[in-house]
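**Q** There's a structure below that I have some questions on.
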Amino acid sequence: MPENDPWEYSLYIPNDPRAVTVCRRTLRLILTMHGLIGLVDVAELLATELVSNAVRHTKGPAALRVRWSGTGVLRLGAWDADPSPPEAPQPFDRALEREDGRGLAMVRACSDVWGWQPLSRFGNRGKYVWCELGTPARHTA
31 MPENDPWEYS LYIPNDPRAV TVCRRTLRLI LTMHGLIGLV DVAELLATEL VSNAVRHTKG
91 PAALRVRWSG TGVLRLGAWD ADPSPPEAPQ PFDRALERED GRGLAMVRAC SDVWGWQPLS
151 RFGNRGKYVW CELGTPARHT A
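This is how it looks when you write it as structure tokens:
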């Protein structure tokens with residue numbers, strides 16, 4: 031598969047804190063196999079925060095989605111079954127003083143853009159919280 035072809039992976043997980051580690055290790059393997067090793071550390075951090083929130087703050091299943099645009103943008107997202115919006119991230123300097131609640135502040139600080147959207151499809155409800163990393167050409171080889 032040529033490096034600039036788009037691709038996407040989805041990993042569906044149970045509501046189990048151990049699934050966060052499974053997602054992180056799977057993401058590392060995906061990015062390594064696609065030659066995006068330069069993004070692994072930041073992508074793992076972001077995916078860990080997104081999936082941790084999905085598992086910690088909801089009761090149902092969740093999923094990690096990883097999508098490469100083919101034009102240098104990596105999108106990471108976590109789906110969960112709760113349609114409630116995520117709590118808005120606090121300014122990073124205030125979030126550092128808290129024991130929890132820093133996840134989305136870290137996502138906002140470490141990604142190029144982030145957002146969320148409610149989902150309702152085929153009777154399923156929930157939300158999708160995502161972030162993107164732009165990839166300079168030197169990271170794709």
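In terms of my numbering, the sequence shown is numbered consecutively and its last residue is 171. Beta carbons are placed, not taken as given, at the ideal position from N, Cα and C, and that holds for glycine.
Ends of the beta strand (DSSP E) at H38?
**A** Here residue 38 refers to the residue found at position 8 of the sequence shown. Residue identity check: residue 38 is Glu in the sequence provided, not His. From DSSP, the beta strand (DSSP E) with E38 extends over W37 to I43.
**Q** Quick check: the Cα distance between C53 and L41, rounded to an integer number of angstroms?
**A** Counting from one through the sequence shown, the residue named residue 53 turns up at place 23. Counting from one through the sequence shown, the residue named residue 41 turns up at place 11. If you take the alpha carbons of C53 and L41, they lie about 7 Å apart.
**Q** Taking 8 Å as the cut-off, decide whether the C-beta atoms of V96 and E162 are in contact.
**A** On the sequence shown, position 66 is the one that residue 96 refers to. On the sequence shown, position 132 is the one that residue 162 refers to. Not a contact, by the Cβ cut-off of 8 Å.
**Q** Once DSSP output is grouped into helix, strand and coil, what is the label at G100?
**A** Within the sequence shown, the letter at position 70 stands for residue 100. G100 falls in the coil class under three-state DSSP.
**Q** Give a yes or no on whether 8 Å exceeds the smallest Cβ distance from G145 to chain B.
**A** Structure shown: chain B not included; a single protein chain is present.
**Q** Less than 6 Å between C-beta atoms, sequence neighbours within five positions excluded: which residues of the same chain meet that for S99?
**A** For this step, residue 99 is matched to residue 69 along the sequence shown. These residues qualify, in order along the chain: P36.
**Q** Any idea which residues DSSP pairs G107 with across the strands?
**A** By 1-based counting over the sequence shown, the position of residue 107 is 77. Answer is R95 and W160.
**Q** For L80, which option in R155, P148, S150 and M136 has the closest C-alpha, if you only look at C-alpha atoms?
**A** Taking the sequence shown and counting its residues from 1, one reaches residue 80 at position 50. Minimum Cα distance to L80 is reached at M136.
**Q** Flag this pair as touching only if the segment 59-67 and the segment 109-117 have three or more C-beta atom pairs under 8 Å; answer yes or no.
**A** no
**Q** With a threshold of 8 Å on Cβ separation, who are the neighbours of I43 within its own chain once the five nearest residues in sequence on each side are excluded?
**A** Translated into the one-based positions of the sequence shown, residue 43 becomes position 13. So the list reads A49, V52, C53, V81, V85, P91, A92, A93 and L94, once near-sequence residues are dropped.
**Q** Considering only the alpha carbon of each residue, which of L149, R132 and G164 lies closest to N83?
**A** As a working note, residue 83 is residue 53 in the sequence shown. Checked all of L149, R132 and G164; the closest Cα to N83 is R132.
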